[in-house]
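Quick note on the UniProt record's numbering: the sequence shown kicks off at 1 and runs consecutively. Heads up, the beta-carbon is just placed ideally off N, CA and C, and yes, glycines get one too. Note that this is a predicted model, so its numbers are computed, not measured.
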Amino acid sequence: MARRGNLLDDVQIRRWVAKGAAIARSDGDGLTFTLSSAGTATWVLRYRVSGVRRKEITLGNYPDLTLAAARKLARERRVDVDQGKDPAADKKVLKMRTQMAWTVRELISDYKEKKLTTPPLAEGTVYYRKWDLDKIIGPKLGSMEVRHVTPADIVHVIESSKRSWTICKRLLTSAKLLFAHACGKRLINVNPCVGIDLTALMGARPPIRKRVMLAEDELRALLKDISDIGVENGLAFRILLATCVRSIELAKARWEHIDFELGTWWVPAESVKTRTGFLVPITPTVAEWFKSLQCLSGDSPWVLPARTDRRRKRVGDTHVGKTTLWAAITRAFDRGDIDVRRFTPHDTRSTAKGHMRNMGIPNDITEIALNHALKGMEAVYDVREEIPERRQALEKWAAFIEACETGRPWNVQPIRRVA
């Protein structure tokens, strides 16, 4: 059957629009002009798929789409139908894909909201992930559509950041996690970070700094005048060294978690790198150091409350910063007040580990003292919170620290495993 068309003209259409009554008028060959009661004028093309199923597609609004333009567009869509295509279905797919065409900036916002939360992640992890996204990845890729990001773009981000090998490794990890989130949302099918080798970009990783184990004479020299870095800092350093905890775990300690009667300190999961809380035995020596801090902390719920008005105004009633103690030690080094090898916060743990091993404390007990995760079946079946062997080991270690501080000789017999 021959097609017929061109039944409408611009004058009629303008009259209908001026009148404002709802109508639907055909121009022929499926092209229809519609006017809603709300005054919206629209061009619709009605057609049949495979000559059977009736469908329609909105071409556009009048007068943005003129009569002549509507006829031209309708002819193009009818050609598609004649070739077996379905314009309405194609438009639906295009609309869906357009809605899913997120920018990297939108992806970052969604990722931070849904994935960068504490718990389950540690505060430090969240901080550095956000730093990578906000300072490096976002500024370089933010305006791009996620689906258009290529491995070459990721390589450019890393190389142009001009950061150290370690920071670039972290940037690559942050990018991998970000685009894994995009894969999970089905914005993309393949993570553009997959297959990128940092050694190919930057060469072999620089040698990892060897941990320092402060010798006995160094500990004696350091602890003899440790209060010179400040009374609170001195007490905090002794506790950190004696309990083998990480500095952030001590910085966030609260009095409600310390039980002097039982001689225990509970470190909650949110303060722990591994996100698993654990119980630290408090030996009598360490308890006295804690009590001295309690006298200095006043009514604060924190063992080490924030000391500066600036931090309290910015954060509120909170604990000291995680770098407060180490900033004081660094300043003492810079002044020449400390005459031992330079060491880092983590070196307190390697120092404790080495000396406890020299005392004959079994390796597995020193690992427990450092709160390292047990492995294998031991991790499955040993679920104790209070571990007597750990308490005994920390008592020996605290006694050694006290001897170094007071200048007394050290001649305690090594711990022997009970048969």
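Assigned exposure category for residue i - 16 Cβ within 10 Å defines buried
i, result
"Leu141", "buried"
"Leu262", "exposed"
"Lys291", "exposed"
"Glu402", "buried"
"Val267", "buried"
"Ser271", "buried"
"His181", "buried"
"Glu216", "exposed"
"Ala70", "buried"
"Lys252", "buried"
"His156", "exposed"
"Thr323", "exposed"
"Ala200", "exposed"
"Ala18", "exposed"
"Ile248", "buried"
"Leu296", "exposed"
"Leu7", "exposed"
"Ala24", "exposed"
"Ile338", "buried"
"Ala269", "exposed"
"Ala101", "exposed"
Residue nearest to residue i in terms of C-alpha spacing, selected from the options
i, options, result
"Ile258", "Ala352, Ala175, Lys91, Gln294", "Gln294"
"Thr330", "Asp317, Pro345, His319", "Pro345"
"Glu232", "Ile108, Ala89, Val303", "Val303"
"Leu121", "Cys168, Leu394, Thr276", "Thr276"
"Glu288", "Gly360, Glu256, Leu235", "Leu235"
"Met359", "Ile368, Val79, Asn411, Glu367", "Asn411"
"Ala242", "Gln12, Ala369, Gly28", "Ala369"
"Ser26", "Ser227, Asp64, Ala74", "Ala74"
"Leu65", "Phe33, Gly39, Ala38, Glu159", "Phe33"
"His355", "Phe400, Phe260, Asp317, Ala204", "Phe400"
"Ile13", "Leu45, Leu133, Arg53, Tyr62", "Tyr62"
"Thr150", "Leu394, Pro192, Leu172, Leu133", "Pro192"
"Thr40", "Gly20, Ala68, Thr283, Thr318", "Gly20"
Spatial distance of residue i from residue j (CA atoms)
i, j, result
"Arg408", "Ala398", "13 angstroms"
"Thr264", "Arg147", "53 angstroms"
"Ser174", "Ile137", "9 angstroms"
"Leu279", "Lys273", "14 angstroms"
"Glu405", "Arg311", "32 angstroms"
"Val380", "Ala373", "Only weak support is given to the placement of Val380: the predicted model assigns it a pLDDT of 46, under 50, and the value that follows is read from those uncertain coordinates. Their Cα atoms are separated by approximately 11 angstroms."
"residue 420", "Pro362", "For residue 420 there is no data in the structure shown, the boundaries of the chain being 1 and 419."
"Asp309", "Ala327", "18 angstroms"
"Ser36", "Lys85", "29 angstroms"
"Arg129", "Arg170", "8 angstroms"
"Ser164", "Leu198", "11 angstroms"
"Tyr127", "Lys112", "11 angstroms"
"Leu177", "Lys72", "47 angstroms"
"Pro206", "Arg335", "30 angstroms"
"Trp43", "Ala22", "14 angstroms"
"Leu214", "Pro305", "29 angstroms"
"Lys55", "Ile108", "39 angstroms"
"Ala89", "Thr58", "12 angstroms"
"Glu106", "Lys210", "41 angstroms"
"Asp29", "Met144", "42 angstroms"
"Met377", "Ile365", "Note that Met377 has pLDDT 49, beneath the 50 cutoff, so the model's placement of it is unreliable and no number is given."
"Ile188", "Thr103", "12 angstroms"
"Arg48", "Asp82", "10 angstroms"
"Thr318", "Ile239", "20 angstroms"
Residue range of the unbroken beta strand (DSSP E) whose run includes residue i
i, result
"Ser26", "23-28"
"Val49", "41-49"
"Thr199", "Thr199 -> not in any beta strand (DSSP E); alpha helix (DSSP H) instead, spanning 198-202."
"Asn61", "53-61"
"Phe278", "278-281"
"Phe33", "31-35"
"Trp302", "Trp302 -> no beta strand (DSSP E), and no H or E assigned at all."
Element boundaries [alpha helix (DSSP H), containing residue i]
i, result
"Val81", "67-82"
"Thr264", "From DSSP, Thr264 is part of no alpha helix (DSSP H) but of the beta strand (DSSP E) over 264-267."
"Lys19", "10-19"
"residue 428", "A query on residue 428 cannot be resolved here, the shown segment of the chain reaching from 1 to 419 and no further."
"Asn363", "363-369"
"Trp326", "324-335"
"Asp309", "309-315"
"His355", "347-358"
Ranges of the alpha helix (DSSP H) found wholly within the region 220-261, counting only runs of at least 4: 231-243, 247-251
Completely contained beta strand (DSSP E) runs for the region 114-187, where each covers 3 or more residues: none
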